[in-house]
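Counting in my numbering, the sequence shown runs from 294 upward without gaps.
Don't be surprised by glycine CBs; every beta carbon is placed ideally from N, CA and C.
A quick write-up on the structure given underneath.
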Amino acid sequence: MSAYVYIAHEGLRKTPISREAWLSAVSQCQELAVDESRSYSAHREHVVRLKRDRRVTLRLDHHGIAGARDPSRELVGVMFKVASYLGANIYSERFNQYTSTADWTRRRRKHRRAVDKQRAYKGSNRLIQVGLCCTVLAASTIFGFVAAYAFLAMNT
């Protein structure tokens, strides 16, 4: 299960982040490096990476919305810096606004707890289903033996 975090203006697609504003904001942030191997025209997006971890990326798509998939706490902190340079906000994948890195962390933990509870509930339901199937199987086997014994007793 992936989670996305976005940088966007309040109007979202009505007021997209321009390519020039994006490059200006990213260049002001010391923690990010522009990935020159991915050109804007070829992929229709601008990719920047964390200097500490080159695998962690932040992308500006052709709609003018910057996003990161499964961001770390460090990347979310950097995203808040970039958003402040752009005069934009940070949003969840359902476009609920985050107010700070701590708010993002709190909501993420709450969401993970809910997902874990849901998985545990599904696991316990599966265990109950297996138990019921075994009980029905055992009962039908015992009933079969009793019926066969009664049939044999009546015929002898």
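Bridge pairing for Ile300: Ala359 and Ile383 [DSSP]. If you ignore the 5 residues before and after Tyr297, its C-beta comes within less than 6 angstroms of the C-beta of Gly360, Arg362 and Glu386, all in its own chain and listed in chain order. A distance below 8 angstroms between beta-carbons, with the five flanking residues on each side excluded, links Met372 to the following residues of its chain, in chain order: Val298, Ile300, Leu351, Ala359, Ala361, Pro364 and Ile383.
The Cβ-Cβ distance between Leu325 and Val341 falls below 8 angstroms.
CA-to-CA, the gap between Arg345 and Arg312 works out to about 24 angstroms. With respect to Gln321, Tyr378 sits close: the two C-beta atoms are nearer than 8 angstroms. Following the DSSP letters along the chain, one finds Leu325 inside the beta strand (DSSP E) bounded by residues Leu325 to Val327. Between Trp397 and Val375 the beta-carbon gap is near 14 angstroms, outside 8 angstroms, which marks them as no contact. Boundaries cannot be given for Val349, as no beta strand (DSSP E) includes it and DSSP labels it neither H nor E.
For Ala431 and Gly424, the gap between their C-alpha atoms comes out near 11 angstroms. Arg401 and Ser393 have their C-alpha atoms roughly 12 angstroms apart.
Between Val327 and Asp354, the alpha-carbon positions lie close to 14 angstroms from each other.
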